[in-house]
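Scroll down for the structure; my scribbles are underneath it.
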Amino acid sequence: MSLRDPLKELPSVKSEGGRRQQPAESVALIQKPAPIAGSILWEPALLPAPEIIDDAVFITQGALREVSRHIWTAPDQEVLGFLLGERLESPETGLPYVVISATTRSSYIIAEDGGDPIPEDAWQASSMESRRRKLVLLGWYHSAPFLDEVPAPRDLASHRQHFTEPWQMGLVVAPSGELPAGGFFRPASDLGGAWIPFYEVVDEGAIYADGRKRTVTPWKNYVTNDATETTTKVAVARPNVGVGPIPVLKPRGHLEEQTSFVRKRARPGLRMSAYRRRERRKRIALTTLAGVIFLSVLAYVVAAVVG
60 MSLRDPLKEL
70 PSVKSEGGRR
80 QQPAESVALI
90 QKPAPIAGSI
100 LWEPALLPAP
110 EIIDDAVFIT
120 QGALREVSRH
130 IWTAPDQEVL
140 GFLLGERLES
150 PETGLPYVVI
160 SATTRSSYII
170 AEDGGDPIPE
180 DAWQASSMES
190 RRRKLVLLGW
200 YHSAPFLDEV
210 PAPRDLASHR
220 QHFTEPWQMG
230 LVVAPSGELP
240 AGGFFRPASD
250 LGGAWIPFYE
260 VVDEGAIYAD
270 GRKRTVTPWK
280 NYVTNDATET
290 TTKVAVARPN
300 VGVGPIPVLK
310 PRGHLEEQTS
320 FVRKRARPGL
330 RMSAYRRRER
340 RKRIALTTLA
350 GVIFLSVLAY
360 VVAAVVG
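Going by the numbering used here, the letters in the sequence shown line up with residues 60 to 366, in that order.
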């Protein structure tokens with residue numbers, strides 16, 4: 060069976076004159092095969108307009124975890140962050156693609172007044188951070204209470220202002236509801252835009268012998284033809300550094316039940332100690348009561364015999 064190569068299928072962004080939009084500076088890209096075999100192709104349930112699709116988007120599960128951890132620190136607010144990684148070129152096709160491998164958070168909370176969701180100082184800080192890490196600033200992300208069938212006009216306007224390359228993209232995640240929604244978008248040549256396909260690069264060891272791939276992206280507005288297994292836990296707070304990988308996206312099920320599960324597992328040693336203390340107090344009280352009853356009965360029997 061031949062492997063589907065999206066880099067041969069995805070059309071390029073075209074300007075109004077019908078020519079592909081080129082970056083402001085010509086940069087020689089590192090040639091590296093696209094990680095298609097180790098990825099899950101996700102496509103919008105409502106297919107996007109093909110003319111807005113540019114470089115294929117790959118994002119690692121580590122980067123998806125970072126985004127989700129950030130969002131779940133303040134699920135009732137709209138947080139802001141930026142996407143970092145590399146822009147590479149497929150040696151088989153000669154076409155470029157992007158791999159998002161890291162993120163950088165902003166402390167900025169997006170207001171609901173309709174202003175620019177990306178303040179200038181946050182954008183400048185992300186640019187400096189990308190240079191410090193020797194990565195490319197590929198785009199931005201933010202959380203939202205819900206997603207529409209097309210990207211919000213405010214998001215498109217802000218993206219055009221701050222991200223001028225056609226291969227840059229935005230990511231929006233709405234964590235509320237039984238299943239979260241999310242999606243990558245790029246603007247079109249006019250004032251519109253649409254959600255675009257992307258590839259979730261799975262972790263090493265996340266591909267089973269039967270071909271199933273473990274995903275951390277159960278977004279209800281994206282579909283895949285790949286055989287997948289969805290992560291079943293949720294991170295509701297920023298994890299401690301060094302505690303190992305934590306599944307991050309909201310699972311199929313009730314949030315309250317999952318949150319309760321996480322809280323019960325968060326500090327098992329302290330919770331068990333408190334439980335044991337309560338049980339010990341109960342045993343002491345029962346033993347004391349039994350002793351009092353025994354002594355009372357014994358005194359009554361002795362008094363009856365003596366009398």
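The C-beta atom is built at its ideal place from N, Cα and C for all residues, glycine as well.
Hey, G252 and V209: beta-carbon distance below 8 Å or not? Yes. Within cutoff.
Hey, out of L357, Y267, K279, V231, whose CA is closest to W199's CA? Taking W199 as reference, the option from L357, Y267, K279, V231 with the minimal CA-CA separation is V231.
In angstroms, rounded to a whole number, what distance separates the CA positions of P100 and R342? In the sequence as presented, Pro is not what sits at residue 100; that position holds Leu. Spanning the two alpha carbons is a distance of roughly 58 Å.
Which of helix, strand or coil does DSSP assign to R192? Note: R192 maps to coil in three-state DSSP.
Confirm, please, whether the CB-CB distance from E148 to L88 is below 8 Å. Contact: yes.
Please name the residue in V126, E237, P204, E102 whose C-alpha comes closest to that of Q136. Among V126, E237, P204, E102, the Cα nearest to that of Q136 is on P204.
I need the DSSP call for F205, collapsed to helix, strand or coil. F205 falls in the coil class under three-state DSSP.
Going by beta carbon distance, what residues of the same chain come within less than 8 Å of Q227, once the five residues before and after it are set aside? For Q227, where only same-chain residues beyond five positions count, the Cβ hits under 8 Å are L196, L197, G198, H218, R245.
Around the Cβ of R322, are there at least 16 other Cβ atoms within 10 angstroms (buried) or fewer (exposed)? Bear in mind that a pLDDT of 42 at R322, under 50, signals an unreliable position, so the number given afterwards is only what the model happens to contain. Exposed.
Give every residue of the same chain whose Cβ lies closer than 6 Å to the Cβ of N369, excluding the five residues on either side of it in the sequence, and list them in chain order. Residue 369 is absent from the model: the chain starts at 60 and stops at 366.
Taking C-alpha atoms, which residue in V275, A268, W254 lies nearest to V260? Ranking the options by Cα distance to V260, first place goes to V275.
Secondary structure at Q220, three-state DSSP: helix, strand or coil? DSSP places Q220 within a helical segment (H, G or I) once states are collapsed to three.
Helix, strand or coil at L345 according to DSSP, with G and I counted as helix: In the structure shown, L345 sits in a helix (DSSP, three-state: H, G or I).
Within 10 Å of its beta-carbon, does P310 have 16 or more other beta-carbons around it, so buried, or fewer, so exposed? Its pLDDT being 36, under 50, P310 is placed unreliably by the model, and the measurement read from it follows with that caveat. Its Cβ being crowded by 16 or more others within 10 Å, P310 is buried.
My assumption, with CB atoms under 8 Å, is that R192 sits in contact with A240. Please give the rounded CB distance. About 29 Å separates the CB atoms of R192 and A240; that is not less than 8 Å, and the two are not in contact.
Buried/exposed call for E263, threshold 16 Cβ in 10 Å: Classification of E263: exposed, given that the 10 Å Cβ count is below 16.
Same chain only: Cβ atoms within 7 Å of S98, ignoring 5 sequence neighbours per side: Correct list, in chain order: F117, Y258, E259, V260, V261.
Give me the Cβ distance between P176 and L139, rounded to the nearest whole Å; I'm assuming they're in contact under 8 Å. With 8 Å as the limit, P176 and L139 qualify as a contact, their Cβ atoms being about 7 Å apart.
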